[in-house]
Each structure stands twice: as C-alpha cells, then as structure tokens.
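Here's the structure we're looking at; comments come further down.
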Amino acid sequence: MIFMVKITILSPEGKSCSVWNLKKEIENLGEKCDIFLLSDSENLMSYDFKLETDLIHSRCGIGDYFDRLTLYSWQFINALEVEGLKFINPLETLYLTSDKFKCIKLLSKNKIATPKTALIRDYEDAVRFMERYNVNFPVIIKNSFSKCGLKVFMAKNEEELKDLTKNAIWEGKIIQEFINFKEGDIFKDMRILVVNGEVVGGYRRVSKDFRTNLYLGNIVEKLNIDKELEELALKCADLSNAVILGVDILPTKEENYVIELNSAPGTKGFRDIGINADRKIAKTLIECARS
C-alpha cells in the first residue's frame with residue numbers, strides 16, 4: 001500500500017502565484033501540500049518547534065524584501081535543518097543561490113562566463129575594481145542578496161557611483177561590468193529551467209530596461225534552446241547541486257554570460273509560453289519525498 005506524502009512549501013507571505021500553482025499540482029497528483037507562511041502571526045519558531053512533513057520546498061532564503069534585509073527566514077530555515085528535515089533544493093544550494101557574489105565565484109572558478117564582479121566595501125573599492133580590470137562606465141551596482149530585480153542599479157558616472165556605493169560594507173554590495181545584451185531598442189535575456197537533471201524549457205524576458213525581471217512587469221517570449229545552452233544550464237545545476245534551478249543568461253554575439261542562479265524560480269513565465277513547469281516540479285518533489 002502506498003501512503004500519501006506531505007510536502008510543505010515555505011513562503012514569506014504567499015503572494016507568489018507560483019506557490020499556489022505548485023500546491024495545486026501536488027494535490028492534483030494525489031498528495032498533501034501545506035503552505036507555511038513565515039509572516040503568519042500564529043507561527044512561532046520556539047526552541048521546541050516541530051514541523052511534521054516529509055519534505056520542505058523553500059521559496060525563501062536571505063534577501064532584500066521591500067527595502068529590508070531579512071535574517072528571520074534564514075534563521076528559520078537553519079532551525080528546521082537542526083530537526084533533520086529533508087529539503088529540496090538542498091540547503092547548500094539555497095545558501096549558494098541566495099548569495100550572488102558566491103555564485104559568481106563558483107561559476108567563474110569552473111570556467112563559466114560571468115561578468116567581471118567584485119565584492120566592495122566602499123567607493124574606493126569600486127574605483128580599484130574598474131581600474132584593475134579595465135572596466136568602463138556604465139557599471140552595475142547591486143546588493144548581493146537582492147531579489148526580484150530590486151536593489152539593482154546602473155552607475156553611469158563617478159557621481160552616481162559614489163552615491164550607489166554608500167554603506168556598501170554594511171549592505172553586501174557588489175559591482176559588475178555591464179554586459180550589453182540589448183537587441184535594437186529592447187533588452188532580452190534568457191531564463192532556462194532545470195528540474196531533476198532535465199531542461200524543462202526556457203524563455204526570453206523582454207524589457208525596455210536592463211532589469212528584465214517579470215516582477216517588474218516585463219513580458220516573455222519562448223526561447224529555442226540549442227545544445228550549447230542546454231549543456232550550460234545542466235552544468236550550472238550540477239555545480240550548484242540543484243534539483244530545481246533557474247539559470248539566468250545574458251546573450252551577446254561573443255558569449256553567453258550566466259548572471260544568476262535561482263533555486264526557487266517563478267513559474268509564471270513558463271505558464272505564459274504554455275509550459276506546465278509546476279507539474280514537472282510537483283512530480284519531482286513527490287519523488288524526492290518518497291525516496
């Protein structure tokens with residue numbers, strides 16, 4: 001006799017449609033699914049807190065949300081780890097992909113093309129980086145733990161650079177060379193989804209701004225994934241030990257630059273192009289819960 005499994009999705013506030021669509025797909029496959037909201041006032045992470053579940057899929061980590069850096073979700077997940085609960089993605093993957101600079105370091109070490117990047121303390125560090133690596137304006141300044149394209153800015157001159165690098169040492173800021181992936185008047189990057197060692201699909205995010213995140217209101221078009229892109233996405237998943245991974249790529253004529261890895265990728269863009277990524281993820285979570 002096969003017993004039902006219970007999967008718990010951790011979410012900060014449950015505002016993402018990806019969370020609720022995933023729950024629906026898990027339940028459509030005949031299994032139990034709870035959404036645990038960290039913002040729920042009834043929930044208290046006390047010393048004897050217990051969570052009864054077969055598997056946790058975390059949609060939260062450490063990051064900037066609405067101009068605040070939350071450590072609560074990070075500590076909550078670490079506390080659950082003490083209980084020996086099973087996570088998909090593994091927590092090592094969640095930690096890695098939460099930190100944009102560590103992620104860039106790992107990719108660069110393994111010969112994957114990424115923008116030239118540095119972790120900075122202040123304006124002087126930013127200047128040293130630009131001089132040492134022959135990087136010209138504009139440059140990108142972002143918080144290493146930012147989410148949804150928030151806290152990502154472009155500095156076009158020294159005055160803007162000085163302003164954007166204030167408090168860098170306290171906020172975990174990084175500087176990157178600007179990769180010009182513009183096509184005509186439009187910016188188009190790539191998002192490829194890998195689930196359980198398989199490339200499920202991909203799309204191009206279309207924007208008038210260099211920040212292409214769907215959270216900011218941008219649209220998508222289907223991406224034709226060739227062998228080179230498939231191998232690149234699979235290599236990123238292997239390096240990050242990810243079961244579920246969104247790989248963000250900036251394409252140029254010379255190179256495909258991996259800009260970020262996302263261990264809790266949104267699925268709206270895939271629904272928009274007719275790919276049921278939620279069903280694929282749901283099946284994988286159920287399989288992992290049973291193993």
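Going by full-length UniProt numbering, 239 is the number at position 239 of the sequence shown; the sequence numbering is gapless. Built from N, CA and C at the ideal position, the CB exists for glycine as well.
request  = Look up residue 304 in the DSSP assignment and give the residues it is bridged to.
outcome  = Look at the range of the chain in this structure, 1 to 291, and you will see that residue 304 is not part of it.
Residue 240 classed as buried or exposed, judged by whether at least 16 other C-beta atoms fall within 10 angstroms = For the purposes of this step, residue 240 is taken as the residue at position 240 of the sequence shown. Looking at its Cβ environment, which holds 16 or more other Cβ atoms inside 10 Å, residue 240 is buried.
inquiry  = Could you tell me the alpha carbon to alpha carbon distance between residue 219 and residue 225, rounded to whole angstroms?
reply    = Here residue 219 corresponds to residue number 219 of the sequence shown, with the count starting at 1. Here residue 225 corresponds to residue number 225 of the sequence shown, with the count starting at 1. Approximately 18 Å, taken between the alpha carbons.
request  = Figure out for me which residue from 35, 246, 62 has the closest Cα to the Cα of residue 194.
outcome  = One-based indexing of the sequence shown puts residue 194 at position 194. When each option's Cα is compared against that of residue 194, the closest is 246.
ask   = What is the DSSP secondary structure of residue 69, reduced to helix, strand or coil?
value = Along the sequence shown, one-based indexing puts residue 69 at 69. With a pLDDT of 48 at residue 69, under the threshold of 50, the modelled position of this residue cannot be trusted, and the question is left open.
request  = Flag this pair as touching only if the segment 69-81 and the segment 195-213 have three or more C-beta atom pairs under 8 Å; answer yes or no.
outcome  = Too few Cβ pairs lie closer than 8 Å, so no.
task = Report, in whole angstroms, the separation of the C-beta atoms of residue 146 and residue 94, which I expect to be a contact under 8 Å.
result = The residue labelled residue 146 in the question sits at position 146 within the sequence shown. The residue labelled residue 94 in the question sits at position 94 within the sequence shown. In this structure residue 146 is not in contact with residue 94, their Cβ atoms being roughly 16 Å apart against a cut-off of 8 Å.
query = Which value, in whole angstroms, describes the spacing of the CA atoms of residue 42 and residue 279?
reply = Along the sequence shown, one-based indexing puts residue 42 at 42. Along the sequence shown, one-based indexing puts residue 279 at 279. Those two C-alpha atoms are separated by around 30 Å.
message = Rounding to the nearest angstrom, what Cα-Cα distance links residue 129 and residue 184 in this structure?
response = Locating residue 129 in the sequence shown gives position 129, where the first residue counts as 1. Locating residue 184 in the sequence shown gives position 184, where the first residue counts as 1. Going by the C-alpha atoms only, they are around 30 Å apart.
message = Please state the DSSP three-state secondary structure of residue 133.
response = Indexing the sequence shown from 1 puts residue 133 at position 133. DSSP, reduced to helix, strand and coil, places residue 133 outside both helices and strands of the structure shown, so it counts as coil.
task = Could you tell me which uninterrupted alpha helix (DSSP H) segments, each at least 4 residues in length, are contained entirely in the segment 203-285, listed from first to last along the chain?
result = Fully enclosed alpha helix (DSSP H) runs of 4 or longer: 227-239, 268-272.
query = Any Cβ of chain C within less than 8 Å of the Cβ of residue 241?
reply = Among the chains of the structure shown, chain C does not appear; only one protein chain is present.
ask   = Hey, out of 174, 46, 182, whose CA is closest to residue 253's CA?
value = Translated into positions along the sequence shown, residue 253 becomes position 253. Ranking 174, 46, 182 by Cα distance to residue 253 puts 182 first.
ask   = Just how far apart, CA to CA, sit residue 190 and residue 151?
value = Residue 190 sits at position 190 when you count from the first residue of the sequence shown. Residue 151 sits at position 151 when you count from the first residue of the sequence shown. So the two alpha carbons sit approximately 20 Å from each other.
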